[in-house]
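Enquirer: Residue numbers for the sequence shown follow my numbering, so the first one is 1 and each next one is one higher.
All C-beta atoms in this analysis are idealised placements derived from N, C-alpha and C, irrespective of residue type, glycine included.
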Amino acid sequence: MTTFVLVHGAFRGGWSWDRVRPLLEAAGHEVRTPTLSGTATGLEVWVDEVTDLIVDADLTDVVLAGHSQGGVMVREVALRIPERLRHLVYLDAAVPDPGERPVDVAPAPPDPATLPPRDALVPPWPMVPGGDLDEETAAWANELMTPTPFAPSLDRVSLESPTVPATYAFCTDTPAVVPCTTTRARLDDRGTPYVLIEAGHNAPLTRPEAVAELLLGAATR
């Protein structure tokens with residue numbers, strides 16, 4: 001049995017894994033899907049939350065996955081407790097380079113004059129039906145989405161890089177405005193391999209079988 005800890009992206013909660021979780025559990029695995037604090041005053045708050053969940057439950061041999069903004073937390077948690085982790089999965093994730101701020105992974109360089117203040121709550125980007133995202137799923141998710149604190153995006157990640165083995169996966173139909181496209185372009189430049197999933201950015205909701213297959217594969221590496 002493997003324990004999966006799945007970290008959601010901006011504006012979402014643990015509910016964003018609701019269609020993936022039963023597929024992993026049906027395969028005999030344990031799944032944790034924390035919801036990060038909506039009042040975080042810095043990146044460390046979220047990293048502490050995920051780290052504490054793993055340590056307090058004495059979880060080991062963990063596959064730690066992050067979707068979208070969740071990739072930032074996965075990166076930092078892997079530096080905190082590498083001995084408890086088996087594999088990392090970055091799913092359409094924004095992954096800052098050492099010493100970078102999450103906001104620096106935006107497709108266009110951020111303009112300090114137009115950035116929200118540190119204590120701002122950023123309104124959610126509504127999910128718009130189209131592609132593999134149907135109207136019913138979009139309406140359900142939009143009812144649950146919440147503003148996300150901006151402060152964590154202004155804090156620099158660690159200068160070190162994780163040593164835990166990792167898999168990068170990107171969705172083929174993700175819009176260019178989503179920060180994970182920056183991460184993907186960097187991996188292309190560096191010759192780092194990654195997996196492609198035929199899906200839009202909301203793959204955990206629209207292509208749960210494909211996401212579960214990706215995660216189960218990571219558990220065997």
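If you follow the alpha helix (DSSP H) that G70 is part of, which residue opens it and which one closes it?
Expert: Note, G70: alpha helix (DSSP H), 70-80.
Enquirer: May I ask you to report which of helix, strand or coil DSSP gives L36?
Expert: Of the three classes helix, strand and coil, the one that applies to L36 here is coil, per DSSP.
Enquirer: Quick check: what's the CA-CA separation for L91 versus A113?
Expert: 31 Å
Enquirer: So A62 is in the beta strand (DSSP E); what residue range does that whole segment cover?
Expert: Sequence check: residue 62 is Val here, not Ala. V62 -> beta strand (DSSP E) spans 62-67.
Enquirer: By how many angstroms is the C-alpha of T148 removed from the C-alpha of V89?
Expert: 22 Å
Enquirer: Here's a check: name, in chain order, each residue in its chain whose Cβ is nearer than 7 Å to the Cβ of T174, leaving out the five neighbours to either side.
Expert: D92, C180, T181, G200, H201
Enquirer: Assuming V50 is part of the alpha helix (DSSP H), what are its boundary residues?
Expert: For V50, the uninterrupted alpha helix (DSSP H) segment begins and ends at 43-56.
Enquirer: Cβ of T183 within 9 Å of Cβ of A94?
Expert: yes
Enquirer: Just confirm the distance between the C-beta atoms of R101 and D155, as a whole number of angstroms; I'd bet it's less than 8 Å.
Expert: 7 Å
Enquirer: So what does E30 bridge to, in DSSP terms?
Expert: T3
Enquirer: Check this for me: beta carbons of T206 and L133, under 9 Å apart or not?
Expert: Taking 9 Å as the Cβ cut-off, T206 and L133 qualify as a contacting pair.
Enquirer: Starting from V211 and walking both ways along the alpha helix (DSSP H), at which residues does that stretch end?
Expert: 208-219
Enquirer: The beta strand (DSSP E) spanning A176 covers which residue range?
Expert: Premise fails: A176 is in no beta strand (DSSP E) and is neither H nor E.
Enquirer: Roughly how many angstroms lie between the CA atoms of R118 and T172, to the nearest whole one?
Expert: 32 Å
Enquirer: Taking the straight line between their C-alpha atoms, what separation do you get for P109 and L115?
Expert: 11 Å
Enquirer: Contact check, L64 vs V74 under 8 Å by CB: the rounded distance?
Expert: 5 Å
Enquirer: With distances taken from CA atoms, which of Y168, I197, A203 is nearest G191?
Expert: Y168
Enquirer: Any idea if G66 is buried or exposed, counting beta-carbon neighbours within 10 angstroms, 16 or more meaning buried?
Expert: buried
Enquirer: Exposed or buried, which one is M1 when buried takes at least 16 other CB atoms within 10 Å?
Expert: exposed
Enquirer: For T3, count neighbouring Cβ atoms within 10 angstroms of its own Cβ and tell me buried if that reaches 16, exposed if not.
Expert: buried
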